[in-house]
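Just add 3 to wherever you are in the sequence shown, counting from 1, and you've got our numbering.
For glycine and all other residues, C-beta sits at the position ideal for the given N, C-alpha and C.
Structure first, commentary second.
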Amino acid sequence: MHPITLVIHGGAGTLLPGNMIPETELRYREALERSLDIGYNLLKGGGTALDAVEASVRELEDCPLFNAGRGSVFTAAGTHEMDASIMEGKTCKAGAVALVRSVKNPVSLARLVMEKTSHVFLAGEGAEQFARQQGIEHRPPEYYHDDFRYAQWLAIRETETVQLDHSSQPSKSENKFGTVGAAALDREGNLAAATSTGGMTNKRFGRIGDSPIIGAGNYANNATCAVSCTGSGEYFIRGVVAYDVSCLMEYKGKSLVEACRIVIHERLVNIGGDGGLIAVDTKGNFALEFNTEGMYRAALNDSGEKMVAIYRNP
Ligand code: ASP
């Protein structure tokens, strides 16, 4: 029997103590804890890592506080285009979707791509068609609307600026990211990871970030680890960040914690990227690493000690 472990995130960024009113902070902490409990209870009952990461991410997608599913950011056209992915460590099977507009839980559509097709990645209208064929839950555009996200978009819609979630300034140092993700180890020793996002405010031209790209924003392999990322997607794609963590473990014999530190604080920084990741290995070790001021994050393992944190010093 393996030590079950679950870690989740709700995005990284300029999260400084005192920037949020206490009520809002409490709502974030409660939402993280709900998502953690849902996934962890599944693991505790003998459920698979795959079921746990999907369930935790669904909960965060349904919560308008995070930039995924309900509450996703607005595109330049005033719409929502969501990306998600899921991967199973035992088989290295994966599923991903991008640019979906009406699917309530993009992470579940990604899982259906993995389980019901011979493909890995579906995008746009084709992904929507597949979703309809599978009878997955849809919602009208109003469902995804959030006043705060709408105001963010109104402030920059006439400009060429593309802004990451919650950002009040277009400059990179002011960015916050609201993507969500989970990584888990189940009793059988299997790993899984899932990531879901609305992407960047005012994004255009069918822009797709790292979140649905296997190896960039999401990765799981029983030989090494399960990883879910959040941050400036273009850099995470160029750094092949999630797979880089796995490679450092597999080819260089680094521990999970060492590998995550190197990738987030050295390799990503060297190419100018900011953000963070959560990761778990097959022994139940976990890492919650970020090079921004904070990251919405939570973790729970067999020790029973629950950690929910936002700022650098929890
Ligand atoms: N990584 C996401 C993207 O670039 C953004 C985020 O983490 O919030 O689409």
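Assuming residue i and residue j make a contact with CB atoms under 8 Å, what is their CB distance in whole Å?
i: residue 59; j: residue 88; result: Not confirmed; about 14 Å, so no contact.
i: residue 304; j: residue 7; result: 7 Å
i: residue 53; j: residue 91; result: 5 Å
i: residue 206; j: residue 78; result: 5 Å
i: residue 245; j: residue 252; result: With 8 Å as the limit, residue 245 and residue 252 do not qualify as a contact, their Cβ atoms being about 12 Å apart.
i: residue 101; j: residue 215; result: 5 Å
Kindly indicate which residue of the options has the alpha-carbon position closest to the one of residue i.
i: residue 225; options: 299, 211, 291, 190; result: 190
i: residue 44; options: 216, 34, 55; result: 55
i: residue 278; options: 218, 238, 40, 66; result: 238
i: residue 235; options: 253, 254, 276; result: 276
i: residue 151; options: 22, 69, 301; result: 69
i: residue 299; options: 121, 213, 214, 232; result: 232
Given this structure, state the Cα-to-Cα distance separating residue i from residue j, to the nearest angstrom.
i: residue 164; j: residue 202; result: 14 Å
i: residue 177; j: residue 16; result: The predicted model places residue 177 with a pLDDT of 39, which falls under 50 and marks its position as unreliable; any figure quoted below should be read in that light. Residue 177 and residue 16: Cα-Cα distance of roughly 8 Å.
i: residue 18; j: residue 294; result: 12 Å
i: residue 24; j: residue 30; result: 10 Å
i: residue 182; j: residue 4; result: 32 Å
i: residue 309; j: residue 127; result: 38 Å
i: residue 132; j: residue 103; result: 10 Å
i: residue 197; j: residue 107; result: 16 Å
i: residue 209; j: residue 307; result: 43 Å
i: residue 51; j: residue 72; result: 23 Å
i: residue 229; j: residue 145; result: 34 Å
i: residue 160; j: residue 286; result: 47 Å
i: residue 281; j: residue 290; result: 6 Å
i: residue 12; j: residue 162; result: 30 Å
i: residue 314; j: residue 136; result: 42 Å
i: residue 94; j: residue 158; result: 45 Å
i: residue 219; j: residue 154; result: 30 Å
i: residue 142; j: residue 130; result: 15 Å
With a threshold of 7 Å, establish whether the CB of residue i neighbours any heavy atom of the ligand GDP.
i: residue 127; result: Here the bound small molecules are the ligand ASP; the ligand GDP is not part of this structure.
Report all residues from its chain with a CB closer than 7 Å to the CB of residue i; omit the five preceding and five following residues, and keep chain order.
i: residue 110; result: 57, 60, 61, 64, 87, 89, 197, 199
Might you give, ordered along the chain, the residues of its own chain that have their beta carbon closer than 6 Å to the beta carbon of residue i, omitting 5 neighbours on each side?
i: residue 284; result: 228, 259
i: residue 85; result: 75, 103, 109, 201
i: residue 149; result: 67, 74
i: residue 96; result: 117
Apart from the five residues on each side of it in sequence, which residues of its chain come closer than 8 Å, Cβ to Cβ, to residue i?
i: residue 33; result: none
Could you check whether the Cβ of residue i sits closer than 8 Å to any Cβ belonging to chain C?
i: residue 42; result: In summary, chain C is missing from the structure at hand, where a single protein chain is found.
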